[in-house]
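A.B. asks: Chains as they are written, first to last, in UniProt numbering: chain S, 1 to 211; chain A, 1 to 1129.
Heads up, the beta-carbon is just placed ideally off N, CA and C, and yes, glycines get one too.
#1: For residue 300/A and residue 314/A, I'd like the C-alpha separation in whole angstroms.
#2: Have a look at the DSSP bridge pairing and note the partners of residue 932/A.
#3: Beta-carbon within less than 6 angstroms of residue 271/A's beta-carbon, same chain only, minus the 5 sequence neighbours each way: which residues are those?
#4: Of the choices 91/A, 939/A, 584/A, 172/A, whose alpha-carbon is the least far from that of residue 1020/A?
#5: Can a CB atom of chain A be found closer than 8 angstroms to the CB of residue 113/S?
#6: In chain A, which residues lie with their C-beta within 8 angstroms of the C-beta of residue 142/S?
#7: Can you tell me whether DSSP reads residue 525/A as helix, strand or coil?
#8: Here's the rule I'm using: 16 or more other beta-carbon atoms within 10 Å means buried, otherwise exposed. How should residue 285/A be labelled?
#9: Mind checking whether residue 209/A and residue 171/A have CB atoms under 8 angstroms apart?
#10: With a threshold of 16 other CB atoms inside 10 Å of the CB of residue 182/A, please say whether the residue is buried or exposed.
#11: Which one of 1079/A, 410/A, 415/A has the shortest CA to CA distance from residue 434/A?
#12: I'd like to know whether the C-beta atoms of residue 386/A and residue 350/A end up nearer to each other than 8 angstroms.
#13: Counting pairs of Cβ atoms below 8 angstroms between the stretch 89-99 of chain S and the stretch 288-299 of chain A, do you hit three or more?
#14: Along the chain, where does the alpha helix (DSSP H) containing residue 119/S start, and where does it finish?
#15: So what does DSSP say about residue 202/A, is it helix, strand or coil?
#16: Take residue 199/A as the anchor and find which of 224/A, 173/A, 168/A, 174/A has the nearest alpha-carbon.
#17: Output needed for residue 361/A: all residues of its chain with C-beta closer than 7 angstroms, excluding positions within five of it in sequence on either side, in chain order.
#18: Looking at chain A, which residues of the stretch 42-53 of chain S have a Cβ within less than 9 angstroms of any of its Cβ atoms?
#19: Could you tell me the alpha carbon to alpha carbon distance between residue 152/A and residue 167/S, rounded to whole angstroms?
#20: If the cut is a Cβ gap below 7 angstroms, which residues of chain A does residue 121/S touch?
#21: Pop quiz: residue 140/S and residue 259/A are said to be a contact at Cβ under 8 angstroms. What is the actual Cβ separation, rounded to whole angstroms?
#22: If you measure beta-carbon to beta-carbon, which residues of the stretch 913-928 of chain A are closer than 8 angstroms to chain S?
#23: Is it the case that the CB of residue 171/S approaches a heavy atom of the ligand MN more closely than 7 angstroms?
#24: Within a Cβ cutoff of 6 angstroms, which residues of the same chain sit near residue 113/A, ignoring the five residues on either side of it in sequence?
#25: So, at 7 angstroms on beta carbons, what are the nonlocal neighbours of residue 513/A in its own chain, with the 5 sequence-adjacent residues on each side left out?
#26: Using 8 angstroms as the limit for Cβ to Cβ distance, is residue 151/S near chain A?
#27: Roughly how many angstroms lie between the CA atoms of residue 1130/A and residue 86/A, to the nearest whole one?
#28: Do the CB positions of residue 913/A and residue 931/A come within less than 8 angstroms of each other?
#29: Please report whether the beta-carbon of residue 1115/A lies at a distance below 8 angstroms from any beta-carbon of chain S.
#30: Examine chain A for any beta-carbon lying closer than 8 angstroms to the beta-carbon of residue 146/S, and answer yes or no.
#31: I'd like to know if the stretch 1051-1065 of chain A and the stretch 1079-1095 of chain A are in contact, where contact means that at least 3 CB-CB pairs between them fall below 8 angstroms.
#32: Could you list which residues in chain S have their beta carbon closer than 9 angstroms to that of residue 315/A, in chain order?
#33: Is residue 1114/A closer than 8 angstroms to residue 1017/A when the C-beta atoms are compared?
#34: Do the stretch 475-488 of chain A and the stretch 530-537 of chain A touch if we need at least three Cβ pairs shorter than 8 angstroms?
#35: Determine the DSSP secondary structure at residue 143/A, reduced to helix, strand or coil.
#36: In terms of residue numbering, what span does the alpha helix (DSSP H) encompassing residue 102/S cover?
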C-alpha cells in the first residue's frame, strides 16, 4: 500500500512542480496590468548593455531569458516585424545603429506604443548625450539608467514630457557641485546651459570639479 | 545611421585619449571603468574575459571592505560592480556596500547607491530591510533631489511588510508643492497597491485628488492606479466616466502644454491610458458607453496623421469601440480603421491589423471576409510572426466548411516551426478543432501527435482517447473509426516506432489494448510482438513502458499470447520502477488466470461506469493493523514526509509568496482543462480500474464533456451559420472587389502583373478558407439600426451557445461567431485583473434551463439559473404578486435610499435571511435594474428588482438569458421582483452573472435591450459543514484535489491558531471541527454538498494550510478567500 500511494502522489506532484518550473509565465500572470516586464539593450554582437527588470525574477532566469532573447532577436532579418511572440510574452524590439532595444510586454498590451516608448527613450538619450552612440551608453551606462528611471518607473511611463525628464536628470547631475543646493529659480538658468557643455562634463571625466 | 557611425568614430579617440592625459597618476572614477570596458573589448575569448572579471571583482572586493575607501571611491566601485553583474558575473559581496553608499553618501553617491540597490536586489531580498531606514530619512530630507531618489527607489523595490512605515510620509508628499514629487508619490502608491492592495485601501479618496491635480503629469500618474482599480471593480468607478471623458476631450483637443506632445500628437500615452479605462467602464454598460461615443468618434477622426503613434492610438480606440456597448456608426469607422492597418505596407501595422481583426472577428466575421486576400498573403508571409498571427485569426473563424483547409495550414506551420512555445500552442489549437469536428479529425490527430511530440499538453491525448472510447452516436461509425485507428497504428509500429514521441506511443498502446480485437484478422500475438518491441526500445520512457504493460494485460487472453506475456512479466517484475513492477505483477496474475482476466477485463467490454471504488482502501485495514501490530512504521502522507525532510535540510521546498496560479493543480496551469487529466498525470494511467475510478468520481462532468465535444453540441450551434452559408458561398473566381466592401478590398486586388494562375489559386484558397462566413454581399453597409439589432440578437444567442462552448477564454471558441467570444476576450483582456489569475481563464454564463443538458464542466465555470428555487416552484407566484404599486421612490433618490426603498420588495420567504446590499445594475430613462443576493441555509438566491420609473407608461419586460421568463407588464412606478436560485457548477474566486433584459415602453412597442452583470464572491456559496473528526478523517482520504499554502496567522499572544480559525469561521463561515495542539481541522461545503476540508498547522509563525476537496479548483478558490480574509485588518 505504501508503495502504491507513494508512486501516485509523487507522480502527481511531479506534474505539479513541472507546471511552475517555467516560473516566468506565472510571475507575469500575477501582474495583470499593462506594465512592461523588462527592457534589454544589447549590441549587434549580443553584448548586454543595459538591463532593467520590472518583474521579480531570479538571476538564473534573467540570464536564461537574456540569452534566449538576444539569440532570437539577432536572428531576425531587418525587414521583419518588430514584434515577436516569445513564451507568453510579446517582445518589441528595434535596432538603432549598432544597438538593439528590446522590451517585453504582455500579449494584451499595445505593441506600437511600446515601440514608441523605445523611441522616446532613444530621443531622451540623444538629447542628453547629444546625438548618442553606443559608446556613450557603454561608458556612461549609469546615466542611461538614471534617464530610464526618470522616464519609466516600475514598468509604466512615468513622465512623457521630454523636457521634464531631462530637467530632472540634469538637476541631479548639476547638484553634484554643491549638494546643499535645492531647487531655486536660478537653478533653472543653470539647467538651461548649453547641452554640449553638459555633455562635455559627462565625458570630461578627468575634471576635478565633476565630483 | 551613417551619422551615428561617424559619431562613434569621432568619439572613440577622445575616449581613448583619456589615459594618455598628463597627471593621471590617480585615475579618476570613470577612467577606471573605462579601462575595464576597454580591457574587455580587447579580449578575444570568453575565457580571458572571465579571468579579467574575476580579477576585477577580487580587486573591487578588497577595496570595498577596506576601511580607508572613501564614499567617492565607493561610488565608482559600485558602478564597476554593476558592470560586472551586467556581464553575468555575480558580485553579491557588493550588495551590502551599495546599501551603505545609499545610506552614507552625499547626493551624487546616494544616487549611484540607490541605482545599484535597485539593480542588484529584488523584492524578496533580505538586505532590502536595511534600506528602509535610509529611505525613511531621505523622504524627510529637505533636499528635493534626495526625496526624489527615495521615491524612485520605492517605486522599484520596497519590502512589502515595511510599507506601513513609510506610507504616511508618502501620502504627505501628495500635497507637495513640486509636481515631480507629487507624481512620484502617486507612482509609489501605485506600486504599493500592486504589491499590497490592502495597505492603501484607506486612501482611495487621495487618488481622486491626484486625478484632479492641476499638473497633467500627476494626473497621468494617477491613471495607472485607476486602470488597476477599474480592472478590479468597474462598477465602483462609473461615476468617474464623465471626468475621464472630459480629460480625453481636452487632450485630444490639444489643451495640454506642448511639452506633452510626441511627434505633434498630444500626450499619446495619456490618451491610450484613458481609452483603456473607458473601455473597461463602458463594457456591458449602455448608459456609460453613451457618454463616451462622442469623444471616441473625435479620437478616431483626429488620429489621421500617418505616424506610428497615431496608429497606436487608433488601435486602442478600435479595441475600445468593440469593447463597449456597440454603436453602429462607430463600429463602421473602427472597421475602416482596421482596414487601414491590414492593408498597410508596413509590416508592423499589418501585424497589428491582424491582431485587431482577431480581436473583433467573432463579433463580425464578415470583417475577415473583406480582407481575405490580405489574409491569404499573410499566410505565406516570410515572417513567421505574421504567419502565426494569421493562423490565430483563422482559428477564430473556423467553421465546418473551412476546418479542413485551416487545419492543413496549421499542420504546415507545425512542420516548419522550431519554436517550442508556438508548437505547443498550435498543437493545442489543432487538437481543439479536431475534436470539435470529429469526422474530419482522425488522420489529423495522427499528425498532431507525431508533430506535437512530447511538448503538447497532456490532456490532448487524454481527450482524444476519451472521444474514441465514448464514441459518437452511431455504433457503426465508432467501430469504423476504432478499426481505422488500430490498422493505422499497427502499420506505424511496423515502421519505425522509435521516431514517434512518447505520448503518441502511449496513445497507440491504449488503443491497441482496447480495440485490437476489432480487427479480426489480427492475432493478439502479433500485437504483443509489436508491443514487446516497444519495451525493448531504449528510447521508451518508463511511463510508456507501463502503458505497454497495461495494453499487454488487456491482450493476453489468447493461448499464444500468454507465454509471451509471462516472459515479459517475468523481466519487469524485478524492475526498479515501482509502477512498472506493479504492472508486471498484474500482467503476471491476469495472464495466469484466464477466468479472472475475462472477469476483470472482458474483451471489448466497456468499463462499468457504476463500479464502486473504495478509494480509502478500507479493505486493507486488516492488513494495515496487522502490519502495525507487527511493528511496522505508520504511514506518513507525502506532505508530512516532505515537511520533515525540509525541516532537517532547511531547504524550503515550498513555493514562495502569494502563489495562486502556482498552487492551482496542473489542470489550470495548462489552461485547457480536461477532466481526465489526473488520470495521466498520476502516473497510473492506462490502468483499467483506475480509469473507471476517475470516471465515477467525476461522472457529472464527463457526461457534459462528451456532449460538448461531440457532434451534437457543435451542430446545435452551427446551424444558423450553415444555412446562411448555403445561400451564398463565394464563388472561387469572383474577384474580391466584387464581394463585400469594395472600399478596402479594391486597393488590394491583385495587380495585373501578378501571375494569373497564382491568383486563381489564392482565390480558391480564399473560397475554401472563408466559406461559411459570407452571408450578404453588402458587408459594412447594413444600416445602422439593423446592425444594432443584429448585434443584440447575437449577444442573446451567445448566452445559450456559450454554455456549450468548450473553450476557455484564451482560445475562445471560434465557432461562436458572435459577440460572446468578443466579450470573453475583453473580459480576459481588461476586466479580470482584479480577480487574480485564477479567474483569468474563467467566466461564467447563464443558461436556459432547457439547455442544461448541454451544460458541463468544460466551460470553466458557470452558474446555472433555474427559474426559481424548489420552494418557489411548489407555490408558483404569479407575476402579479410581485408587481406592486409603489408610490414612494422619486427618481432623484440617492442610491442609498433606493436600497431601503427596495428592501420591502424582498420576497417574504427571504426576509428572514440577510441580504447583500442592493446594487443598482443599470438603468435607462424609464427603467432601473437593481439586484442583491440572499444567502439562505441551503441556497443563494439572486433577487432582481426591475423598477419602472416612468410616471405612467406601462412596461412590458422580459428577462432573457437568466431564463426566458414570460413577458410581463409592469405598471408605471412599480417594481417587479424576480428571484433566481444560483448553483455553482465550477468554483471560481468571483462569479459574474451576465443577463439581458428586454423591455418595451409602452407595452407593445419595439423592444429595447439592457445588459447587466452582477458579481458575487465564492464565499456566498460557502456553508459550514458539521462533521465529526472521524468523518473528517475518512473524507480527507477520499478527496483528490488539493492545494497547500502558508497563510499569515492572526497575531495574538495566547492562541493565534484559535484566533485565526475563529476569524475564518466568522468571515467565511467555515466550521472548525477540532483544534488539536498546533493543528486544526476545518470543514465547509460549497452549495450543494460539495465538501472542502482544510487542515491547518502552525509552523514557523505561519499557518500552513492544506485544502482538499473532490471538486477541482475549489481548494484554490477557497484558499484565495482565506488569504484575503486573513489579510484584512
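C.D. replies: Well, looking at it:
#1: For residue 300/A and residue 314/A, the distance between alpha carbons rounds to 6 angstroms.
#2: DSSP, once it has assigned bridges, lists 943/A as partnering residue 932/A.
#3: 251, 313
#4: 939/A
#5: Under the Cβ criterion of 8 angstroms, residue 113/S is counted among the residues facing chain A.
#6: Chain A residues near residue 142/S: 79, 82, 112, 115.
#7: Per DSSP, reduced to three states, the secondary structure at residue 525/A is helical.
#8: buried
#9: no
#10: buried
#11: For the residues 1079/A, 410/A, 415/A, the minimum Cα distance to residue 434/A belongs to 410/A.
#12: yes
#13: Contact between the stretch 89-99 of chain S and the stretch 288-299 of chain A is absent: fewer than 3 CB-CB pairs across the two stretches fall below 8 angstroms.
#14: 111-129
#15: helix
#16: Ranked by Cα distance from residue 199/A, the first of 224/A, 173/A, 168/A, 174/A is 168/A.
#17: 367, 368, 393, 396, 397
#18: 47, 48, 49, 50, 51, 52, 53
#19: 15 angstroms
#20: What residue 121/S touches in chain A: nothing, since even the nearest Cβ is about 12 angstroms away.
#21: Between residue 259/A and residue 140/S the Cβ distance is about 25 angstroms, and since that is not below 8 angstroms, they are no contact.
#22: none
#23: With respect to small molecules bound, the structure shown includes none, and the ligand MN cannot be examined in it.
#24: 98, 101, 102, 105
#25: 550, 551, 554, 555
#26: no
#27: In the structure as shown, chain A begins at 1 and stops at 1129. Residue 1130/A is therefore absent and cannot be evaluated.
#28: no
#29: no
#30: yes
#31: yes
#32: 110, 111, 112, 113
#33: Their beta carbons are not under 8 angstroms apart, which means residue 1017/A does not touch residue 1114/A by this criterion.
#34: With a cut-off of 8 angstroms, the stretch 530-537 of chain A and the stretch 475-488 of chain A do not count as touching, because too few Cβ pairs lie within range.
#35: coil
#36: Taken as a continuous stretch (DSSP letters only), residue 102/S belongs to no alpha helix (DSSP H), being part of the beta strand (DSSP E) at 99-106.
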